Amino acid sequence: MDNVLFYFAGMPVYVYGFFTSIGLLFGATSALKAGRRRGIGWSNMFDFILGTAFVFFAAGRFAVLWGQYGAGALLRPWKILTELSTGVDLGFGFVCAAVYGLLSAYHKGIFGLNFLDAITPGVIWIKLFAALGSNVFGTAAAVPWAVRLGEFQLHPLPLYTALGYYLIRFIIVQVRRAQRFEGQVFVAAAALSVWLHWLLLFVSEGSSRTAFWLYPLLGILLVALWSLGHANSPQTQKPKRSIGYWGVQLLLFAVVAVAMCLFYYSRF
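Okay, here's the thing in structure tokens:
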């Protein structure tokens, strides 16, 4: 498997970093458009996106340097940029970005269910592209679509995840077009993401036993919350969709899904 997508000015551009960057671009564009539709100022949303992206990168890189140099990382801040090949700590970066994002949104007075609905599609884009560029594989498999690495055949976990998030995006677009209450898009995406991760546990290495029952409980709670909000919200005029509309939408979905599969397997 080739982790280098191409070379730019003699420097390797890695698949994961490139696709995560593309996801950030799509996510930022989506959040700006959704924020404008929901009355959130362009400057406020742009500041939020730029700030969270910077905190995610800086905190994730610093966590990697801390693991290498310990407290000495404080004396080598330039290595955040000069040693990009060592990667980013996604977990720590995401936590720091989430904390900063919540504080920033609250400070600007834009935090609320309407704000969460606006940024949710953008987050889905980021997770979709990040998954497509990932190199984390699943358990051993004997299925025809398994990834072959030497003598091993493994489940293509990144492809499963990317296709799952693309399906979630397809669903929440339809939910948004018939939205009945604030927070509906966010809760729907959260519920679908929880169930997706539960399904992925069956093909993931080192899955926690606790997660096998914790995810369904959380998923049921989110589905119940969505159903409660939907049942107690006023009905809206739903746009009528013809058979032709759904035919085109499903065709586009299939074309994109096939393109994702072709790209993923072209790396091996």
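Just so it is clear: in the sequence shown, position 225 is 225 by my numbering, and no numbers are missing. A virtual CB, placed ideally from N, CA and C, is assigned to each residue, including glycine. Please read these numbers as outputs of a predicted model, since none were measured by experiment.
Check: Terminal residues of the alpha helix (DSSP H) in which Val-272 lies; Outcome: Residue 272 lies beyond the residue range present for the chain, which begins at 1 and ends at 268; the question has no answer from this structure.
Check: Secondary structure, alpha helix (DSSP H): runs of 4+ residues fully inside the segment 140-222; Outcome: 157-177, 184-200
Check: Same chain, Cβ closer than 6 Å to Trp-213, five either side skipped, listed in chain order; Outcome: none
Check: Short CB-CB distance (under 7 Å) between Gly-17 and chain D; Outcome: This model lacks chain D altogether; it includes just one protein chain.
Check: Simplified DSSP assignment, three categories, for Ser-134; Outcome: coil
Check: Through-space distance from Ala-59 to Phe-92, alpha-carbon basis; Outcome: 7 Å
Check: Three or more C-beta pairs below 8 Å linking the segment 101-118 and the segment 44-59; Outcome: yes
Check: Sequence-distant residues of its chain with Cβ nearer than 8 Å to Val-99 (five each side left out); Outcome: none
Check: Beta-carbon separation (whole angstroms), Phe-129 vs Phe-26, contact threshold 8 Å; Outcome: 7 Å
Check: Short Cβ contact (7 Å threshold) for Phe-181 with Gly-244; Outcome: no
Check: C-beta contact flag for Val-173 and Leu-222 at 7 Å; Outcome: no
Check: Arg-61 classed as buried or exposed, judged by whether at least 16 other C-beta atoms fall within 10 angstroms; Outcome: buried
Check: Proximity below 7 Å, CB of Leu-201 to CB of Ser-193; Outcome: no
Check: Helix, strand or coil at Arg-76 [DSSP, three-state]; Outcome: coil
Check: Met-1 burial status per 10 Å Cβ neighbour count (16 or more: buried); Outcome: Residue confidence for Met-1 is low, a pLDDT of 49 falling below 50, so the modelled location carries little weight; the figure read from the coordinates is stated next. The residue in question, Met-1, is exposed, as its Cβ has fewer than 16 Cβ neighbours within 10 Å.
Check: DSSP-derived helix/strand/coil call for Met-1; Outcome: Unreliable placement is indicated for Met-1, whose pLDDT of 49 sits below 50; no coordinate value is reported for it.
Check: Which of helix, strand or coil DSSP assigns to Asp-47; Outcome: helix
Check: Element boundaries [alpha helix (DSSP H), containing Gln-249]; Outcome: 243-266
Check: Beta carbon of Gly-164 nearer than 7 Å to that of Leu-196; Outcome: yes
Check: Beta-carbon gap between Asn-114 and Arg-38 smaller than 7 Å; Outcome: yes
Check: Three-way DSSP call (helix, strand, coil) for Thr-236 in this model; Outcome: coil
Check: Extent of the continuous alpha helix (DSSP H) to which Ala-98 belongs; Outcome: 90-108
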